[in-house]
Every structure is written in structure tokens, then in C-alpha cells.
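Chemist: Below are the C-alpha cells for one structure; questions will follow.
There are 4 protein chains.
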Amino acid sequence: MSSRKEKIIETSIELFNTKGAINTTTRHICDELGISVGNLYYYFKNKEEIIIVIYQKFMSELGAHFTAVDEKVDTAFDYYKFLTAQMEYEYQYRFLRLEMANLIQAYPKVREALEFGVKIKMQQLTYLYKHQMNFGYLKKMDEQEQEFITANTMIIGSQWEIYWILSHCENELKRRRNGVLNLLYFMKPYMTKKGLEETNLLESIDFLQKENNETV
Amino acid sequence: MSSRKEKIIETSIELFNTKGAINTTTRHICDELGISVGNLYYYFKNKEEIIIVIYQKFMSELGAHFTAVDEKVDTAFDYYKFLTAQMEYEYQYRFLRLEMANLIQAYPKVREALEFGVKIKMQQLTYLYKHQMNFGYLKKMDEQEQEFITANTMIIGSQWEIYWILSHCENELKRRRNGVLNLLYFMKPYMTKKGLEETNLLESIDFLQKENNETV
Amino acid sequence: MSSRKEKIIETSIELFNTKGAINTTTRHICDELGISVGNLYYYFKNKEEIIIVIYQKFMSELGAHFTAVDEKVDTAFDYYKFLTAQMEYEYQYRFLRLEMANLIQAYPKVREALEFGVKIKMQQLTYLYKHQMNFGYLKKMDEQEQEFITANTMIIGSQWEIYWILSHCENELKRRRNGVLNLLYFMKPYMTKKGLEETNLLESIDFLQKENNETV
Amino acid sequence: MSSRKEKIIETSIELFNTKGAINTTTRHICDELGISVGNLYYYFKNKEEIIIVIYQKFMSELGAHFTAVDEKVDTAFDYYKFLTAQMEYEYQYRFLRLEMANLIQAYPKVREALEFGVKIKMQQLTYLYKHQMNFGYLKKMDEQEQEFITANTMIIGSQWEIYWILSHCENELKRRRNGVLNLLYFMKPYMTKKGLEETNLLESIDFLQKENNETV
DNA sequence: CATGAATGAGCTTTCATTCAT
DNA sequence: GATGAATGAAAGCTCATTCAT
């Protein structure tokens, strides 16, 4: 059972995702919860803090789920499993990605938090790619290329949704599968023969495509 | 010399890019220009119309610059030249990409316009990729993969900036070069040997990297 | 053929009647006419003056139509003919009656004009009723009763429409016939036997009722 | 002691009656009360709602005062008492009658409310007149005539004031007495001998006339 | 802890009117 | 005569935030 403070966070996330964080008023949140505005401000200094706390929650959940590959152990990374799970999390906080630009403009502390988040994710990703290269699952590439592949991964991984929204893909589930496909297809050309054989990347692509074809 | 209406557009673009379109009020625009509010509304029905007109200006400038490859002529596409020019344009209207999610939430007609824009760009890109495949510059791939490569191109092409902003890349010029590099690196693995030889893709990457290293 | 000034008046009347004088902007009038705002203000000092001129036009048309009964000649007054014609005129200027209260609040000179108009009409009506009493068409009554019968005639004569609008009588023609019936029925109990015989009041009522029953 | 919400209503009524509802801004109301704009909007969604609430208040007060005559009981209706009391109420909300046309143009929900009010009042009046006819206080008349007598009663009953304003009757009290006289005189010719004897209609007229003569 | 009334700056938009050309 | 750009006060309304209870 969640406390009042947690309930405010949960309701805020829901409203931010559906109506947009910028468009959602504090009153809105309170009405939805059936609490008073004063009460919300007892738990949170201001709207910015709500967003910050949401972001922290998001990061900690993501961190809990992400089990780093062991530096010394030779394992092919299961992209499908990882991305599907990650997308699940990310989708629950999608307003953070969608409204990024406006949020960092309006709330300086949100900017700081997001900057920190990008840094962390970039390190994790860099570590993972290096590991997969070392064990021959990913094609070797120089440091600079690595940097940009990492950047591209993160850009696609965080901004795929607005593209599919504008492409009239109205089904939420399909949209999310497309997001995973965006990333799987993105990885494909960087995989070695061994990589393709030992991860289930191609099979995952086929599977998601089939699922999507069966969805209206 | 530009007319009052054009000046409103120019000032709006400038303010939208620096402060955000959502955060910029009609009064801000008027104050910046030294005109009265009534005068702004003499030229534009409402704020939405200003954004729409800006978007149309952006699309027409982009269209004027984009010369489609001839279906029957065998030419290697000059990505560097194209992307550099395109980024130049896009950068002048970057609020459109950065605030996309909030803009389409607040202004229905902007949503329609952006949807239309995505459709057009996707068609052009699909056409270009097919052409380059036919003449052996790009590796062959099935329709579905093409669809997602196109999607990824557009996602990276429109959302690279927010990544570099959050990665503390404060220099505008460097940021823009990074955007081009994002796309060049993205293209690289899809190019055939012939493609790499006859386009200047690798040289362009080297050139931009060097330029960036020389910039603080 | 009417001059520019007359055309402004005509268009204003039309718009005032359909959209309301308070809701109709000067721009509205100009757009409808295809002239510039400045040009309208060349002919009229301000919006108030337009209304004043309309009111004068209304009064003069009404005066031209109203041929006073001769003091010495014994004639039964034809209420039906008179009212039908009068309603025709009044209907063309109905905003004057409907928006009376707001117009006199907003425009002091309109108030003066309307006060004058009421005075004139009251005199004409008083004269008519006295004449009809003298020749035995109307029942005799004391001065004070006369005053209030006159007042009631004018109230009904000017305010019937809002009642029928609120009673869901949407057909314009029917509404106007109802207005005439309001007044004919109002007169009925004041008529003498001779009055009822020599005017066509009862027949007019029957005629209008029949017409109305045949209209949807 | 009245609450803040009630005070807003009271002040609004006062300002609407003196300056007109259309001319009175929400800021006016707040300034008059010494409260902030935000506070007014805390209690009322918008200006329309204020008017609606005022109308409901008016209708409920009127309803509480109106005790319907018993269908089976033979009683002469006391027009004077009834009208004097009713005028008292109506006068406190006179902007509703005076600005009717503009109010229904500007506020759709006010239109609905007023239409409903007209319907209710018409039913009550019809019922009353039928009752008085059945017991011989009012002269018999056919359905159609009844309909128009009812209409005329309501027109005079709601629109007398604008007439007396335009007739330079500046004294509020006198104006209100005139309104009652308008209706009493209107009823007079429809009364039977019995009706005139058993109601105090004629005496009431005399009384009011005398009172008015004594007022400047 | 919890309420909800209160604030006030600020937003978008409207419109009668003016005036240089 | 005619144009239409320009003005600016004012309208209705929103919303994050505060604070007495």
C-alpha cells in the first residue's frame, strides 16, 4: 500500500503521461486524487520537485533492473529481453522523454537531473558495447565511432515515440513494439556473424514484425 | 528589407529558439519588436498561426534546397553536402523539433502540419534510399528494414540536439557538427564498398572530427 | 442607387439585426462591405453615430408612412393595415428594440434619441386613441387609464419579439404575425360594438390565426 | 452574514443592475468587493456561471413566494398583493429583463435558463387565468385569446421598465408603481362585474395613482 | 497532517479609434 | 475620398503558490 506522497507521484505520472506535464496543473493532480492543494504542497515544495522525484524514481527502477554484464564473462547480450523490459519502464515515464526540451527550459533542476541521467546511461551503454566488442559479438570500431553509436542508441531509444505518433501509429502496443524494432534494426549492422548467431536478434525482429502485422 | 509581418516571424523564430515557443508570450514578441499587441494580432489570427506560418516557411525553404536525385541517373549521393546544408536550415527552426510534443498537444493545426511534414520527408528519404540501393551504393535490404532505417534516420535527424545539449556540448557549432556526425556514422554500416569509395562519407567524418577537435 | 454612406448604414442594420449591435464590430461592417475601416470613420465619427443615423432613418420612414387621422373626419382606424405595415418597418430595425437597454447604457446620444422617439410615438398614439373615442370606436376612459393603455400598447408593440423568441417560435414570419396578434388582441376589449363592426379587427385576428396554423 | 460566494453574487447583482451585466467586467466585481480575480474564479467557472446562479436564485425566490391558487377553491385572486410582491423581487434582478436580448446572444446557457423560466411562468399564468374564468372572475375567452392575453401579460410584466426609463420617470419607486399599474390596467377589461367587485383591482389602481401623485 | 480560500502576476485575444499616406 | 497599419486599454480567464485555520 502506498503512502499519500507516493500516491501523488503515481497520479502525477499518469496525468503527465496522458495530458502532458506542462498542461497538467497542480489542481488537476489534487482533484484526481481527491486531496487538497495545500496538502500536495505539504509533501512537495513545488511542481518542479514532483518532476524531480518522478525522475529519481524512474532512474532507480531502471538501475534496479539493469544488471551489468560481468567484465570477464563471455555472454552474448540479449537485446530483445533487455529492450522489451526497458521499454516497459520507460513507457511509464514517457512524458520525461517527450517533453524534455520544455521541461529543462522551465525547470533548472530537472535539467540537472536529466543531464546526470544521460551521463549514467551513456557510461552503461559504453561499457556494454565495449564488452560485446571484446568478446566478438559486436564489430570492432574506434573510440570516436563508439561515441556516436552510443549517442545514436540513446537518441533513438528516447525519441522514437514522437516519430510514431506523427506517423499515425495510434495503437500504443504497436508503437512500443516499433520502438524496440527501431533499436534492434539499429543494432543489426554492428553485429558480427557470431553476434547474430548467438543473440536472438534476427528472430526477435521477425517475432515483433509478425506480432505487429497481426495487430490492427 | 523585411516587412513588419516578416519581422514578426523573424523575431518569433528567434525567441522561440532561445526561450521556447511555449514560454514565449505574444507580449514578449511585441516588446522585442517595439510594436503593440494589437498590431501583432492585425497580422496573425493567434499564436498558433504564427507557428504554422513559421513551419510553412521552414518547409518551403527546405523544399527549395532539396533537389531530388534523378531516378534513371547513376549518382552517388553526397551526404555531407546535403546534411550540412539541411542542418543549417533546421537549426534556424530548432524549436520545432525540440518542443514537438508540447506543440502538438497545445495546437491541433500544428500537429496536422507536422504530421504532413513527416509524411513528405519519409517519402523523399525512402525514394533516395531505394535509388542508392538500385545503383549499388547502399546494401540491399527488405522493405521492412528499409522502413525502420528511414524511421531511424528521421529520429536521429530531428532529435540529435537535445542529446548534445544534455551532454554539456554548449558550443552551437560543435553541436551542429555532432548532429551531422550522428547521421554520417548512422549511414556508414549500410554503405557498400562502392558507396564508401564514391561518396566522401569517411572523409567527411574525418573532416568534421578534426574541426571539432580544434573547437573548444 | 445608394451612396457609400447609405451602404454602410444598410449593411450595419443587417448585421446589427442578425448578430446584435453590441456584438458587431466596425471591422465586421467593413469586411462585409469590402471597404476599409478608415473609410467608415471618414463617414461616421464613431459607432454611436452609425446607430444614431440608423435610428433617424427608422423614425423618418415610420413618420412618412404614418398618416395621421384627420381630427374632424369620422373614420374607423384600420389597425390591421396599420400594424402590419408598421411591423414591417420595425422588423427591419429590430435590434433597436431588442438591445435597447444595452444601447442606452453604452451610448448616451442613443438614449436621447430613443427618449425623443418614445415621446413622439406616445403623442401620436394618444391623439389616435382620443380621436377613436370621440367618434365612438373606442370605449371612453379617463385620462389616466388612457395614459396606461398607451404605455401598454407601446410596451407590447416594441417588446413582443423577445417573448416569442424565448417561446421557441423560430419562424420569422410567424413571429411577426404573433406580434400583430398581440396588439390586435390587446385592442379588442377596448373597442365598442361599433368599433368592432366597422373595423376589421376580429376578421384580421381570424385571418392571421389561420395563416399561422398553416405555417409550420 | 453572507459568505464570500454570496457576496460575489450580491455585488454582481448590484453592478449588473446599475451598469449592465454586459458592461460589468469580472474585475469590476472584484474591485468593488476588494478581492482578487483569482478568488472570484475560485467560486465561479466563468461570468456565465455567475449569471446562471443569479437567475436560479431569482427563480427560487420567486417560486417560494408564488403560492398557486387551489383548483377547487373559489377565490378571487388578489392581483395587487401578488404583483406588488412580485415586482419587488423582479426589481432586484431587473438586468435579467432589461438585457435579455444581449444576454441570450452572449451566453447560450443563460438562453436555456431564460427559455425554461418563460415556460414555467406561462404555465402558472395560464393555470391562474383558467381558474379565474371557471369561477367567473374573468370573462370567458377561447384558447387562442387566452394564449395571447398570457403573452401580453408576460411582455408587459417583464418589459414595462424600459418604457418608463425612456419616459423620464426617474424615481425608482414611482417607476415600480407604474409597472404595477400597467398590469392592473391591462387586467381591468378582462374582469367580470363579479371580478371587479370581489378583487380590489379598482381600489388598488386608485391607491397607486394617489401615491404616485404625491411623489415627485 | 490536512484543508481550501486567497493571491496576483500573467496569458491570449478583442476592438474602437487614429492617422500617415 | 480611401486605405489599412498601428495603437493600447481592457476583457475573460489560468495557475503555481501561500497561509491561516
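Protein chains in written order, with the working numbering: chain A, 117 to 332; chain B, 117 to 332; chain C, 117 to 332; chain D, 117 to 332. Positions of the beta carbon are idealized from the N, C-alpha and C atoms, including for glycine. Nothing here was measured: the structure is a model prediction, and the numbers come from that model.
Against chain A, with Cβ distances strictly below 8 Å, would Leu230/B count as a contact?
Modeler: Yes - at least one Cβ of chain A is within 8 Å of the one on Leu230/B.
Chemist: Between which two residues does the alpha helix (DSSP H) harbouring Phe302/B extend?
Modeler: Looking at the DSSP string, the run of the alpha helix (DSSP H) that includes Phe302/B is 288 to 303.
Chemist: Would you call the CB atoms of Ala192/A and Thr308/A closer than 8 Å?
Modeler: Against a cut-off of 8 Å, the Cβ pair of Thr308/A and Ala192/A comes out as no contact.
Chemist: Check whether the Cβ of Ile125/D sits closer than 7 Å to any heavy atom of the ligand MG, and report yes or no.
Modeler: Absence of the ligand MG is noted for the structure shown, with no ligands found whatsoever.
Chemist: Cα-Cα, which of Asn162/C, Gln208/C, Asp190/C, Phe160/C is closest to Phe132/C?
Modeler: Residue Gln208/C is the option with its Cα nearest to Phe132/C.
Chemist: Where does Met307/A sit, in a helix, a strand or coil, going by DSSP?
Modeler: Three-state result, Met307/A: strand.
Chemist: Taking the continuous alpha helix (DSSP H) assigned at Met175/C, which residues delimit it?
Modeler: Note, Met175/C: alpha helix (DSSP H), 163 to 181.
Chemist: Of all Cβ atoms in chain C, is any one closer than 8 Å to the Cβ of Gly311/D?
Modeler: No, no contact with chain C.
Chemist: What does Phe132/B reach in chain A if we use C-beta pairs closer than 9 Å?
Modeler: Those do not exist, as Phe132/B stays about 11 Å from chain A at its closest Cβ, beyond 9 Å.
Chemist: From Ile151/C, Phe302/C, Phe182/C, pick the residue whose C-alpha is nearest to that of Gln240/C; which is it?
Modeler: Minimum Cα distance to Gln240/C is reached at Phe182/C.
Chemist: Examine chain D for any beta-carbon lying closer than 8 Å to the beta-carbon of Met175/C, and answer yes or no.
Modeler: It does not; no Cβ of chain D falls within 8 Å.
Chemist: Any C-beta of chain A within less than 9 Å: which residues of the stretch 287 to 298 of chain B qualify?
Modeler: Going along the stretch 287 to 298 of chain B in chain order, one finds Asn294, Leu297, Asn298 with a Cβ nearer than 9 Å to chain A.
Chemist: Would you be able to state if there are at least three C-beta pairs under 8 Å between the stretch 196 to 205 of chain B and the stretch 135 to 145 of chain B?
Modeler: Contact fails: fewer than three Cβ-Cβ distances are below 8 Å.
Chemist: Taking contact to mean at least 3 C-beta pairs separated by less than 8 Å, is the stretch 119 to 127 of chain D in contact with the stretch 211 to 230 of chain C?
Modeler: Output reads no: the stretch 211 to 230 of chain C does not touch the stretch 119 to 127 of chain D.
Chemist: Between the Cα of Asn298/C and the Cα atoms of Pro224/D, Leu317/D, Phe323/D, Ile271/D, which residue gives the shortest distance?
Modeler: Looking at the Cα atoms, Ile271/D is the closest of the given residues.
Chemist: Taking the alpha carbon of Tyr116/A as the reference point, which residue from Lys121/A, Glu259/A, Val296/A, Gln172/A has its own alpha carbon closest?
Modeler: Any answer about residue 116/A is impossible in this case: the structure gives chain A only from 117 up to 332.
Chemist: With burial defined as no fewer than 16 other Cβ atoms inside 10 Å of the residue's Cβ, what is the status of Asn268/B: buried or exposed?
Modeler: Burial call: buried.
Chemist: Mind listing the chain A neighbours of Ser283/B? Cutoff is C-beta to C-beta under 7 Å, in chain order.
Modeler: Chain A residues near Ser283/B: Val234.
Chemist: Which residues of chain C have a Cβ atom closer than 8 Å to the Cβ of Pro305/D, listed in chain order?
Modeler: Within 8 Å Cβ-Cβ: Pro305, Tyr306.
Chemist: Run through the DSSP bridge pairs and tell me what Leu230/D is partnered with.
Modeler: Per DSSP, none; premise fails for Leu230/D.
Chemist: From the DSSP output, read off the bridge partner residues of Leu254/B.
Modeler: Paired residues: Met307/B.
Chemist: Does the pairing of the stretch 270 to 286 of chain B with the stretch 233 to 253 of chain A give three or more beta-carbon distances under 8 Å?
Modeler: Segments in contact, yes.
Chemist: Please list, in chain order, all residues of the same chain as Asp190/D whose beta carbon is under 8 Å from its beta carbon, the five residues on each side excluded.
Modeler: Only Phe251 meet the Cβ criterion.
Chemist: Apart from the five residues on each side of it in sequence, which residues of its chain come closer than 6 Å, Cβ to Cβ, to Lys290/D?
Modeler: Contacts found: Asn328, Thr331.
Chemist: Anyone know if the C-beta pair for Tyr243/A and Gln262/A falls short of 8 Å?
Modeler: No; because the gap between Cβ atoms is not below 8 Å, this pair is not in contact.
Chemist: At 7 Å on the CB atoms, spell out the chain B contacts of Glu215/A, in chain order.
Modeler: Here the neighbours are Ala217, Asn218.
Chemist: With a threshold of 8 Å between beta carbons, is Val332/A in contact with chain B?
Modeler: No, Val332/A does not count as interfacial toward chain B.
Chemist: With DSSP collapsed to three states, give me the class of Lys188/C.
Modeler: Three-state DSSP puts Lys188/C in coil, outside helix and strand.
Chemist: Give a yes or no on whether 8 Å exceeds the smallest Cβ distance from Met117/D to chain C.
Modeler: Only weak support exists for where Met117/D lies, its pLDDT of 42 falling under 50; the coordinates are left without a value.
Chemist: Measure from the alpha carbon of Phe264/D to the alpha carbon of each residue in Phe174/C, Ile321/C, Asn155/C, then state which is nearest.
Modeler: Comparing Cα-Cα distances from Phe264/D to each of Phe174/C, Ile321/C, Asn155/C, the minimum goes to Ile321/C.
Chemist: Output yes if chain C places a C-beta closer than 8 Å to the C-beta of Gly252/D; else output no.
Modeler: No - not a single Cβ of chain C is within 8 Å of the one on Gly252/D.
Chemist: Beta carbons nearer than 7 Å to chain A: which residues of the stretch 255 to 274 of chain B have them?
Modeler: Here the close residues are Gln260, Glu261, Phe264, Ile265, Ala267, Asn268, Met270, Ile271, Ile272.
Chemist: Could you please tell me which residues of the stretch 119 to 149 of chain A, in chain order, have their CB closer than 7 Å to any CB of chain B?
Modeler: The residues in question are Gly136, Ile138, Asn139.
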